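Under the numbering used here, residues 413 to 510 are what the sequence shown spells out, in order.
Just so it is clear, CB atoms sit at the ideal spot from N, CA and C, and this is done for glycine as well.
Since the structure is predicted, the reported quantities are computational estimates derived from the model, not experimental observations.
Here the structure is laid out as structure tokens; the discussion comes afterwards.
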Amino acid sequence: MLNIIKTSDLKLENLPDLSASWRIVSRFALTFDPTEIGDYGEKSGDLDNVSEESNIVELRSHLYVEQRRWNHFGDDPDEETMNAIKTIMKMLHEKVIS
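And the structure:
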């Protein structure tokens, strides 16, 4: 069982490496508490809403939604989605460092 990591407690060492496989990123995504999303929840399912202005909670919510979606499909994300996920992971690394 995975432990929830509050976004306020998130540290760089909690993040998967930028070259991590989907399996590892997927497990990390499940450490997010979806109650942190608040009003942003309706936008979490649309990767087009991700931008440099997205905060850490918003980025984590997108990862969480993608994990749940692809788990439901019973498959790994397609190439386009994986590229978006890698972009989110890069942004997360940058925002957690700063």
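Looking at residue 437: is its Cβ nearer than 9 Å to the Cβ of residue 497? Contact flag set, yes.
Within the chosen definition, does the region 413-420 reach the region 475-489 through at least 3 CB pairs nearer than 8 Å? Touching, no.
Between the Cα of residue 441 and those of 507, 460, 470, 463, spot the shortest distance and give me the residue it belongs to. Ranked by how close their Cα comes to the Cα of residue 441, the residues 507, 460, 470, 463 have 470 in first place.
On a CA-only basis, which of 500, 492, 414, 493 is nearest residue 465? Give me that one, please. Looking at the Cα atoms, 500 is the closest of the given residues.
Work out the CA separation of residue 461 and residue 468 for me, nearest whole Å. Linking residue 468 to residue 461 through their CA atoms gives a straight-line distance of about 13 Å.
Which term fits residue 473, buried or exposed, when burial requires 16 or more other beta carbons within 10 angstroms of its beta carbon? When all chains shown are included, residue 473 counts as buried.
Around the C-beta of residue 504, are 16 or more other C-beta atoms found within 10 angstroms, so that it is buried, or is it exposed? Residue 504 should be labelled buried.
Residue 444 classed as buried or exposed, judged by whether at least 16 other C-beta atoms fall within 10 angstroms: So residue 444 counts as buried.
Smallest Cα separation from residue 507: which of 463, 435, 447? Ranked by how close their Cα comes to the Cα of residue 507, the residues 463, 435, 447 have 463 in first place.
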